[in-house]
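Numbering (the numbering used here), first residue to last: 295 to 449.
Shown next, in structure tokens, is the structure this report addresses.
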Amino acid sequence: MPKPSEFDVNVLPGRRLDRLKIGYDGNISFFTSAGFDLNAITINGYDQYGDDYAIYESSYEWLTGGIAAVSGAKSVGDLRLCGISSGEGTLNLKIGNVVSNGLAFTVNADLELTTLEISLADPLIMCVSNNPETFVNLPKKIRNIMASVSYDRHT
């Protein structure tokens with residue numbers, strides 16, 4: 295039994311990162327070319343005792359499963375998850391040997407332009423000619439549009 299001025303001290307090992315949790319409020323879904331801003335992801339670290347652990351690591355890696363890649367500069371917080379191909383994947387964060395939970399994401403294929411409709415307030419006079427003089431009497435708005443359209447005729 296310890297004397298009144300003595301007590302037992304139990305020294306625990308130093309804190310270390312034990313668990314990572316990432317989160318996002320909503321669905322992560324984006325078009326291939328648009329990407330997703332990784333600054334929207336919340337990151338929480340926990341030590342081996344279950345207490346909050348501040349994440350100051352400069353050495354980390356986003357794991358994307360192959361259908362997306364991370365681009366941008368870590369130093370300016372400009373990281374984006376960019377689609378490589380359409381499909382579904384899982385996003386994880388890795389710091390040292392600790393890997394976070396996964397967040398599901400969907401990469402949608404970019405939309406392709408299939409129809410282009412142009413309407414003008416002025417009546418349009420259809421004109422097919424190789425002679426630029428033909429366009430002189432058309433309203434200026436129409437001349438500008440027609441002058442900006444060119445094509446090669448193949449025989």
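Idealized CB from N, CA, C, for every residue including glycine.
For D312, the enclosing beta strand (DSSP E) starts and ends at 311-317. Sequence-distant Cβ neighbours of A363 in its own chain, meaning closer than 7 Å and more than five residues away, are C376, I378.
Closest option to N391, judged by alpha-carbon separation, among G381, R313, I335: R313. Taking the Cα of G359 as reference, the smallest distance to any Cα among N402, G339, A403, A398 is reached at A398.
Under the DSSP definition of a beta bridge, E382 partners with T400.
Spanning the alpha carbons of K297 and V303 requires a straight line of approximately 14 Å.
Only residues of its own chain outside the window of five on either side were considered, and among them D341, Q342, Y343, D345, Y347 have a CB closer than 8 Å to the CB of R309, listed in chain order.
In the structure shown, the three-state DSSP call for K388 is strand. Judged by DSSP in its simplified three-state form, L375 adopts strand.
Between F324 and N402, the alpha-carbon positions lie close to 6 Å from each other. Spanning the alpha carbons of I337 and P307 requires a straight line of approximately 24 Å. G339 has its alpha-carbon roughly 7 Å from the corresponding atom of L311. When only Cα atoms are considered, N395 and L407 end up about 38 Å apart. Straight across, the Cα-Cα distance linking I316 with K368 is about 17 Å. Counting only runs of 3+ residues, the beta strand (DSSP E) found wholly inside the stretch 314-348 occupies 322-325, 336-341, in chain order.
Within its own chain, the residues whose Cβ lies closer than 6 Å to the Cβ of V393, once the five positions on either side in sequence are excluded, are N386, listed in chain order.
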